[in-house]
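The structure under discussion appears below in the form of structure tokens.
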Amino acid sequence: MPLPSYTGSLVSTTRPHVRILVTNDDGIDAPGIQELARQIEDAGYEVVVVAPDHNASGTGASLGGLGPGNPVRVSKRRIDGVRGEGYALSGPPALCVMAGNLEAFGPRPDAVVSGINAGLNTGRSALHSGTVGGALAGQNFGYRSMAVSLDKDRETDRWHWETAAEIAVTLLPHVLEGPSRLALGLNVPGVPREQVRGIRWTRLATFGSVRAALANTEEDRLHFELQRTGYVPEAGTDLAAVRAGYAAITSLQGAVEVWGSESRVGDPFDPKRGLPGASAGDELRPAQAVFDGR
9 MPLPSYTGSL
19 VSTTRPHVRI
29 LVTNDDGIDA
39 PGIQELARQI
49 EDAGYEVVVV
59 APDHNASGTG
69 ASLGGLGPGN
79 PVRVSKRRID
89 GVRGEGYALS
99 GPPALCVMAG
109 NLEAFGPRPD
119 AVVSGINAGL
129 NTGRSALHSG
139 TVGGALAGQN
149 FGYRSMAVSL
159 DKDRETDRWH
169 WETAAEIAVT
179 LLPHVLEGPS
189 RLALGLNVPG
199 VPREQVRGIR
209 WTRLATFGSV
219 RAALANTEED
229 RLHFELQRTG
239 YVPEAGTDLA
249 AVRAGYAAIT
259 SLQGAVEVWG
269 SESRVGDPFD
279 PKRGLPGASA
289 GDELRPAQAV
299 FDGR
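Here this note's numbering is used: the first residue of the sequence shown is 9, the next is one more, and so on.
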């Protein structure tokens, strides 16, 4: 799937009557989702915003506790500058996508865009991200999807939401033309749009720039904090690209099987062969164990 080069000025192809479900994990009142919804709608798409009524960061692709005795609260919300309808749910972003797929808010969408997340979702953090989880839920339900995440501008301490939204809107026509169940992860550096050096295909970094640590314990409480790791990302990874000033894109897959080189479907279990921890790889994709050594 060829993608447009990006040198600072972006022009999007509009797609009238294409319905986009926009969700996130920071909550429906977060500035990232509102800027994203506005720019998608301004590009000519029909937008419906379905997002958590709370901060649901770190929920991954969880649906929450569903059941007859646990109804999901929903309230209608107006997004400033967006003509399309908005709905706030008492559940994580993957549940918002599922509800849209079940036509709780009108016709099914044509695609799902999740974000803009306040913070990168590079490398391992993609596993836990509710933003990425929303896109992977879209993939699971048969949609083409995109997860959009943004780094903070370390010099000005601000969020360039417009930068991430503009790049996402530029990629959206290509996502819609991409393979069925495409889930594209997009990570954008925290700079003004004219300073983004381009868009680069990347692989997931083997580690992240921050990690969780146990800060303090009490009898009935655990206190966690995020600490910087000092990790230097490998060349070609999403985190390395963002740090170099590029927007990083990575095609993601949710429920993935892992096979070793010696096992086939239907083979009896043989303990001598061991258990595969990563794909054996092939001529197009070398073997890679994401968790090696860390």
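Glycine included, every Cβ here is placed at the ideal spot set by N, Cα and C. From a predicted model like this one, the values you see are computed outputs, not experimental measurements.
For residue i, which of helix, strand or coil comes out of DSSP?
i      : result
GLU233 : strand
GLY4   : No information on residue 4 is available, as it lies outside the stretch 9 to 302 that the chain covers here.
ALA213 : coil
THR258 : strand
GLY40  : helix
VAL19  : Unreliable positioning characterises VAL19 in this predicted model, as indicated by a pLDDT of 39, which lies under 50. A coordinate reading is not provided.
SER83  : strand
ASN109 : helix
LEU144 : helix
VAL177 : helix
VAL183 : helix
THR245 : strand
ALA102 : helix
ALA172 : helix
ALA134 : helix
VAL250 : helix
GLU202 : helix
ALA45  : helix
GLY285 : coil
PRO276 : coil
THR164 : coil
THR67  : coil
I need the straight-line Cα distance from residue i to residue j, nearest angstrom please.
i      : j      : result
ASN125 : GLY274 : 42 angstroms
LEU128 : ASP159 : 5 angstroms
TRP267 : GLY285 : 8 angstroms
PRO181 : ALA45  : 15 angstroms
ALA155 : GLN47  : 15 angstroms
GLY94  : ALA263 : 29 angstroms
THR245 : VAL82  : 39 angstroms
GLU43  : PHE277 : 52 angstroms
GLU202 : ILE41  : 21 angstroms
PRO187 : ARG152 : 8 angstroms
SER157 : THR139 : 8 angstroms
LYS84  : GLY238 : 43 angstroms
GLY35  : GLU270 : 45 angstroms
GLY66  : SER137 : 5 angstroms
ARG302 : LEU192 : Its pLDDT being 38, under 50, ARG302 is placed unreliably in this model, and the value from its coordinates should be taken loosely. Their Cα atoms are separated by approximately 26 angstroms.
VAL120 : ARG189 : 10 angstroms
Inspect the beta-carbon positions of residue i and residue j and report whether they are closer than 8 angstroms.
i      : j      : result
PRO100 : GLY108 : no
CYS104 : GLY68  : no
VAL177 : ALA51  : yes
LEU74  : LEU260 : no
ARG96  : ALA38  : Looking at the sequence itself, residue 96 is Ala, so the reference to Arg does not match. Cβ distance not < 8 angstroms, so ALA96 and ALA38 don't count as in contact.
LEU184 : VAL26  : yes
GLY131 : LEU222 : no
ARG236 : VAL218 : yes
GLY198 : ARG162 : yes
Which residues does DSSP list as the beta-bridge partners of residue i?
i      : result
PRO60  : LEU97
LEU158 : ALA126, VAL196
PRO207 : As written in the sequence, residue 207 is Ile, which differs from the Pro given in the question. The partner list for ILE207 (beta bridge, DSSP) reads ALA255.
ASN224 : HIS231
VAL120 : LEU29, SER153
VAL218 : ARG236
GLU54  : ARG27
ALA191 : SER153, LEU260
For the pair the segment 264-281 and the segment 166-174, tell me if three or more CB-CB distances fall below 8 angstroms. no
Please confirm if the segment 136-153 is in contact with the segment 48-58, defined as three or more CB-CB distances below 8 angstroms between the two stretches. No: fewer than three Cβ pairs fall under 8 angstroms.
At least 3 beta-carbon pairs within less than 8 angstroms: the segment 229-241 vs the segment 255-266: no
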